[in-house]
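Report on the structure given below.
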Amino acid sequence: MSKTQSTQPRRMKAEMWDRMQFLFRNYYDRMIHFYLKFDEPLDFAALSKAYKYVVDRIPVLHSSFINCAVTPYWKINYDYTEGDIISLKKVGSGEEAHDTAFGFLTQEIPVKAKLQIQVAVVRYDGGDILVQVLNHMCMDGPDTKEMLMLVAKAYDQILAGKEPDVEVKCGDRSHYQCYTLYNEEEKKKALGLYKNVSQVKHQIKFPYTKRSKNDKSRILRRVINREKSAELKDMSKKAGVTLNDVLLVAYMRALYKACGIDREKNVSVPCMVDLRRHIKGGKSYGFSNHIGFMICTAHGYKEDYLQMFADIKKQSDAAKEDPYFGLYSLPLLNLAYKLFPQALAEIAIGLGYNNPLTGMSNLGLLKEQDFAFDNKTPSDLFLTGAIKSIPYLQLAASTYKGEMTLTIAVKCKDEDEKALTVFIDDIVAELNKMLQVIK
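Right, dumping it as C-alpha cells:
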C-alpha cells in the first residue's frame with residue numbers, strides 16, 4: 000500500500016437504501032443495466048482511462064459490502080486497475096455481438112467484489128456495443144445516467160489530449176437529502192410519516208412456473224418506433240393524460256389478460272417515483288438511491304380506454320399534489336435500522352415489508368448529446384433496472400431518439416420467457432389499439 004493510500008478512508012457508511020437494496024437480494028439481482036450501440040469503434044484506451052477516472056472518484060463503486068451482523072459498511076478498495084473495470088470483447092457478426100452484449104448484461108456482481116461496476120466493449124464489424132452493469136445498492140437509474148455522462152465528458156477531454164478534469168459529486172448519500180426543501184415544521188411532519196406503503200391491495204401474480212436454481216436471467220425488449228411513439232405522445236395530450244398514464248393502462252390491461260383476472264376485479268401496480276423532487280437543487284449530493292413508489296389501481300377492466308385513463312389520472316394527480324409524495328415509508332425503514340442490529344433489522348423489515356409482485360418504472364428521456372463520446376452518439380441505447388426473480392415482474396420504459404424501449408427482465412425458464420414474450424407483445428398491441436380507437 001502506498002503512503003497516499005494509507006491515509007485514504009478505508010470504510011464508508013452503508014446508508015439506509017444501500018441496506019434495503021441488499022435486503023432485496025431475495026427478489027431480484029440488484030443490478031442496473033446500460034446498453035449503448037455505436038456504429039463506429041470507440042477509443043478503448045481513452046474509454047478505459049475515463050472510466051477509471053470517474054470510478055476513482057465515486058468510492059462506493061470501488062468498495063465491497065461487508066454484511067456485519069451489527070452494522071454493515073462499505074470497505075473501500077484501492078488495489079484495482081482499468082482492466083478490472085472494463086474489458087474488450089472482439090466478435091464477428093452483429094448477432095454474435097448482440098448475444099455477447101446481453102450475456103454480459105445479465106451477470107450479477109457479488110456484493111463482496113472489490114468493484115461494484117463492470118463494463119465491456121463488444122467490438123464487431125458494425126461498430127461497438129458498450130454495456131455496463133452496476134450494483135443498484137450504490138445508486139439508482141438517474142444517478143447511473145449522470146455517472147455515464149461524466150465518463151463521456153472525461154473521454155472527450157482525454158481524446159483532446161488533456162488530463163480528465165470532470166467534477167464528480169461526492170456529497171451526502173443518505174435519504175435525509177429528501178427533506179432539504181422543507182421548513183422545520185414540514186420536515187418534522189415528514190420525519191413522522193410512519194406508514195408501510197408496501198401493503199399493496201389487489202396484487203396480481205404473473206403465471207410463472209416455480210422458481211428453480213436453474214432459472215436463467217433474461218432481458219426481453221421491445222422498441223416502439225419514433226412515429227408510433229410520437230403518435231402516442233400526441234394521443235395522450237389530446238386525452239389529457241401523461242404518456243406514463245397511457246403506458247400504465249396498457250400494462251394493466253395486458254395483466255388482466257395474462258393472469259386471467261375477472262374484469263370486475265381491481266388491479267394495483269406500484270409505479271417508481273424519483274424522490275429528487277424533494278431535494279434542494281433537484282439532484283442528489285452524492286451518488287445514491289432516491290426512489291419511492293406510488294400505487295395506482297385499475298378499478299376494473301373497462302372497454303373504454305378513456306375511462307381507464309381518467310381513473311389512473313385521478314389517482315396520479317392526487318398523489319403528486321401531496322407535498323410528501325413518495326416519502327411515507329422512509330421513517331419506518333430508518334427506525335428499524337436504528338433500533339436493531341443488521342441481522343435483526345433484516346428479519347423485522349422482512350416480516351413487515353411485502354415486496355410488490357408487479358411494478359412499473361419509467362426511466363424517462365435519454366438525450367443523445369448526454370451520451371455522445373467525441374460527438375459519436377449511440378445509434379441505439381436503453382437503460383433497465385434489476386432482473387427480477389420469480390414471482391416478481393416489472394415493466395421498465397426509457398426513451399431515446401424519439402423511440403420508446405420497453406423491457407421486462409426476469410430470471411426464469413424458457414417456458415416463462417415464452418409467456419413473457421406474449422405478455423410484452425400484448426402491451427405493445429394495447430398501445431397500437433389505443434392509436435386506432437382514440438382519434
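For the sequence shown, numbering that gives the first Met the number 0 assigns the number 0 to the initial residue and increments by one for each residue that follows. We put the CB at the ideal spot given by N, CA and C, even for glycine. Source: prediction; values computed, not measured.
Sub-9 Å separation of residue i and residue j beta-carbons
i: Asp310; j: His298; result: yes
i: Leu445; j: Ile223; result: Lying before the first or after the last residue shown, residue 445 is absent from the chain, which here runs from 0 to 438.
i: Cys295; j: Ser328; result: no
i: Leu35; j: Ile116; result: no
i: Met293; j: Val248; result: no
i: Asp273; j: Ile290; result: yes
i: Phe381; j: Arg220; result: yes
i: Lys48; j: Ala153; result: yes
i: Ala418; j: Tyr207; result: yes
i: Ala45; j: Ile157; result: yes
i: Lys312; j: Gly239; result: yes
i: Asn288; j: Met138; result: yes
i: Leu133; j: Met403; result: no
i: Phe370; j: Ala151; result: yes
i: Tyr391; j: Pro340; result: no
i: Phe21; j: Asn66; result: yes
i: Lys51; j: Asn76; result: no
Helix, strand or coil at residue i according to DSSP, with G and I counted as helix
i: Gly91; result: coil
i: Leu365; result: strand
i: Val121; result: strand
i: Phe23; result: helix
i: Glu402; result: strand
i: His32; result: strand
i: Ile423; result: helix
i: Lys12; result: strand
i: Lys215; result: strand
i: Leu192; result: coil
i: Met0; result: With a pLDDT of 47 at Met0, under the threshold of 50, the modelled position of that residue is not reliable, and the figure given next carries that caveat. Coil.
i: Cys177; result: helix
i: Ala393; result: Before going further, note that residue 393 is Gln rather than Ala in the sequence given. Reduced to three states, the DSSP call for Gln393 is strand.
CB contact below 9 Å: residue i versus chain C
i: Asp373; result: Of the protein chains in the structure, only one exists, and it is not chain C.
Between the CA atoms of residue j and residue i - distance to the nearest angstrom
i: Leu149; j: Tyr193; result: 37 Å
i: Arg18; j: Met136; result: 7 Å
i: Ala189; j: Tyr336; result: 18 Å
i: Ser173; j: Thr241; result: 31 Å
i: Ser197; j: Trp73; result: 27 Å
i: Glu416; j: Arg217; result: 8 Å
i: Phe33; j: Thr383; result: 7 Å
i: Arg122; j: Pro163; result: 25 Å
i: Gly439; j: Met433; result: As displayed, the chain neither begins before 0 nor continues past 438, which places residue 439 out of reach and without an answer.
i: Ala96; j: Gln131; result: 15 Å
i: Glu39; j: Gly125; result: 7 Å
i: Tyr250; j: Asp171; result: 36 Å
i: Met30; j: Ile407; result: 14 Å
i: Asp233; j: Lys366; result: 20 Å
i: Thr376; j: Ile437; result: 35 Å
i: Lys2; j: Ile203; result: Legend: pLDDT at Lys2 = 47, less than 50; position of this residue unreliable, value from coordinates given subsequently. About 57 Å.
i: Tyr26; j: Ile389; result: 8 Å
i: Cys177; j: Thr398; result: 26 Å
i: Asn431; j: Asp83; result: 45 Å
Residue i burial status per 10 Å Cβ neighbour count (16 or more: buried)
i: Ser360; result: buried
i: Glu14; result: buried
i: Leu334; result: exposed
i: Lys387; result: buried
i: Ala100; result: buried
i: Lys111; result: exposed
i: Ala344; result: buried
i: Met0; result: Residue confidence is low: Met0 scores 47 on pLDDT, short of 50, so the model does not pin down where it sits. No coordinate-derived value is stated.
i: Lys200; result: exposed
i: Leu129; result: buried
heavy atom of the ligand ATP below 8 Å from residue i C-beta
i: Ile407; result: Summarising the ligand content, the structure contains no ligands, and the ligand ATP is consequently not present.
Check: Curious, which full-length beta strand (DSSP E) runs of at least 3 residues does the region 126-157 contain?
Finding: If only uninterrupted beta strand (DSSP E) runs of at least 3 residues are considered, those enclosed by the region 126-157 are 126-134.
Checklist line | Any alpha helix (DSSP H) of 4 or more consecutive residues that is wholly inside the region 63-107 | finding: Listed in chain order, the complete alpha helix (DSSP H) runs (minimum 4 residues) inside the region 63-107 are 81-84, 93-104.
Item checked: Entirely enclosed alpha helix (DSSP H) segments - the region 299-355, minimum 4 residues -> Counting only runs of 4 or more, we get 304-320, 329-338, 341-351.
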